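In our numbering, the protein residues as written are 9 to 248.
Structure follows, in C-alpha cells:
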C-alpha cells in the first residue's frame with residue numbers, strides 16, 4: 009500500500025486519484041462541519057461549488073426538506089439557513105434534512121476528488137475511524153488537504169499527519185511519499201501540543217480575529233465521532 013498527501017486541492021492530480029482511496033481534509037471547517045451534520049442525523053450533504061448552484065439545486069427539494077449551508081470569507085452567505093460553524097449543525101436543526109453546502113475551500117477539494125474509487129471525509133473529529141475505513145478499502149491512499157485559497161494550511165497538514173499515524177499502525181509496511189513522510193513526523197513531534205502547532209497557522213489566526221475561537225476548539229477535538237462521511241456515486245451525495 010502506498011500513501012501520500014496533496015497539500016492543496018489545486019495540487020491534486022485527478023488522474024492520479026482515479027481508482028484510489030482519498031481522504032479529504034478541511035479541518036477549519038468544512039469536513040468537521042459535514043461530519044457533525046451527518047453524525048447529528050442529516051440525511052445527506054450535497055456539496056456544490058457556487059452560491060448560484062446551491063440555489064438552483066435547492067429547487068429540486070421540498071422547502072421543508074433541505075437547508076442551505078456554507079460560507080464565503082468565513083461568513084454566513086446571505087439568505088442561507090446556516091453558516092460553516094459545526095456547532096450550528098445540531099440534531100434538532102439538521103435531522104433528516106439534506107444540507108446543500110458550499111464553502112471556499114472544502115467543497116472544492118471534494119469536487120477535485122470525485123474520480124476516487126472511495127472518497128471519505130476526515131478531520132480530527134473522526135480521524136481514527138476515517139483512517140480505518142480508508143485502510144479497509146485496500147487501495148493506495150491519498151490524503152487531500154483543502155488548504156486555504158490555494159495555499160498550504162498547517163491545520164490540514166497536522167490532521168493529515170494524525171491520519172497517517174493511524175494508517176501506519178494498521179499497515180506498518182506501507183510506503184510513504186515524501187510529503188506523507190514529512191507530515192507524519194510533523195505530527196509525531198507535535199502530537200502533545202496540536203493546539204500550539206495549529207495556532208501558528210494563518211487560517212487559525214484569521215478565524216480567531218473573526219471571533220470564531222469556539223469553532224476552532226470544537227474542530228480540534230480528537231475522535232469524538234465514529235461517523236465517516238463518504239461520497240455515494242449513485243446518489244451524487246455525501247452520506248454515512
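From the three backbone atoms N, C-alpha and C, an ideal C-beta is built for every residue, glycine too.
Computed from a predicted model, the values in this text were never measured in an experiment.
Annotation for residue 173: the continuous alpha helix (DSSP H) segment containing it runs 162 to 178.
Considering only 247, 165, 95, the residue with the shortest C-alpha distance to residue 195 is 165. The shortest CA-to-CA distance from residue 17 to any of 222, 69, 237, 30 is the one to 30. In the DSSP assignment, residue 11 forms a beta bridge with 149, 184.
In this structure the segment 139 to 150 does not lie against the segment 92 to 110, because fewer than three pairs of beta carbons, one per stretch, are closer than 8 Å. With respect to the 9 Å criterion, residue 63 and residue 75 are not classified as neighbours on the basis of their beta carbons.
Taking residue 66 as the centre and dropping the five residues before and after it, the same chain places the C-beta of 74, 76, 108 closer than 7 Å to its C-beta, in chain order.
A residue is called buried when at least 16 other Cβ atoms come within 10 angstroms of its Cβ; residue 82 meets this threshold and is buried. Residue 225 carries a helical assignment under DSSP once its states are collapsed to helix, strand and coil. Less than 9 Å divides the Cβ of residue 187 from the Cβ of residue 12. Pairing residue 133 with residue 227 gives a Cβ-Cβ distance under 9 Å. Between the alpha carbons of residue 102 and residue 144 lies a gap of roughly 29 Å.
For residue 100, the enclosing alpha helix (DSSP H) starts and ends at 99 to 102. Contact between residue 39 and residue 114 holds: their C-beta atoms lie close to 6 Å from each other, under 8 Å.
With respect to the C-alpha of residue 147, the residue from 243, 232, 179 having the closest C-alpha is 179. When DSSP reads this structure, residue 240 sits in a beta bridge with 245. Under DSSP, residue 29 forms a beta bridge with 126, 149.
Non-local C-beta neighbours of residue 120 in its own chain, meaning closer than 6 Å and more than five positions away in sequence, comprise 17, 20, ordered along the chain.
Bridge pairing for residue 84: 79 [DSSP]. When beta bridges are read from the DSSP output, residue 69 appears opposite no residue. Contact annotation: residue 41 and residue 93 have beta-carbon atoms nearer than 9 Å. The DSSP-derived three-state label of residue 64 is helix.
Look at residue 232 here: in three-state DSSP terms it is coil, with no helix or strand label.
In the DSSP annotation of this structure, residue 56 is not part of any alpha helix (DSSP H), being labelled neither H nor E.
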